[in-house]
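Quick note, the sequence shown lines up with residues 1217 to 1401 if you use this note's numbering. Just so it is clear, CB atoms sit at the ideal spot from N, CA and C, and this is done for glycine as well.
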Amino acid sequence: MRNLKFIPLFFLSFVFIFSCNGKKSDSSRHGSDAIVNVVFTVDSLLASADQLVNKIITVEGECSHLCTRSGKKLFLEGSSDSLVIRAESEKAFRQECINKKVRVTGKMIEKRIDEAYLAEWESEIKSDSHEDCNAEKRSVGQKEIDSDNERIADFRARIAAEKEKNGKDYLAFYHIETTNYRVVE
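As structure tokens, then:
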């Protein structure tokens, strides 16, 4: 009679164990828009950025700059001022983010700089419609270069080096399409 009391418990345990089909939540989706359940530092995110393209990621770093024109670009700095990731949002980021640790969640986007991009940029220069801020230049490793023509020449030299080293005729830079953010401290 005592053993009969455990039959319902055994049955429920059996159903629970075998009803789980081994699938994980959408955090394990494959392909684009997969969610990566790790909070990256800026340094670790940039080190593995090429593997995280089109995935939903979370990164934490100090907000070194907000775009003053629209407020829709936030720059997170890593362990040095050359390690910077840009986060973009449809709405302006809050001013309180500046000089604070901010956690950003969003989709990792790759932007390729190639000869076609540079040719288009040169035509924009002629029409005087292209302008970047210093934080934008830092995020692509050009903080010391002032003129657009010098920046284009620098990109061309870096593309040539990349092609010789890895066979790629482009440079890849990354930013985040922000879906959520918060000030951590």
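Taking the Cβ atom as the reference point for each residue, do residue i and residue j lie within a distance shorter than 9 angstroms?
i: Glu1393; j: Glu1293; result: no
i: Lys1316; j: Val1400; result: yes
i: Ala1351; j: Lys1307; result: no
i: Lys1327; j: His1281; result: no
i: Asn1270; j: Ile1325; result: yes
i: Ile1341; j: Phe1371; result: no
i: Asp1385; j: Glu1331; result: yes
What does the Cβ neighbour count give for residue i, buried or exposed, with the cut at 16 atoms within 10 Å?
i: Val1254; result: exposed
i: Ala1265; result: buried
i: Thr1274; result: buried
i: Ser1298; result: exposed
i: Ser1355; result: buried
i: Arg1398; result: exposed
Below 8 angstroms on the Cβ atoms is my guess for residue i versus residue j; work out the distance and round it to an integer in Å.
i: Leu1262; j: Ile1314; result: Not confirmed; about 21 angstroms, so no contact.
i: Leu1387; j: Glu1380; result: Contact doesn't hold; Cβ gap of about 13 angstroms is too wide.
- Between the segment 1284-1303 and the segment 1253-1262, are three or more C-beta pairs nearer than 8 angstroms? yes
- Message: To test your reading of the DSSP string, which unbroken beta strand (DSSP E) runs of 3 or more residues are found completely within the segment 1302-1371?
- Response: 1317-1329
- Task: Mind listing, in chain order, the continuous alpha helix (DSSP H) runs of no fewer than 4 residues lying wholly within the segment 1242-1282?
- Result: 1258-1263
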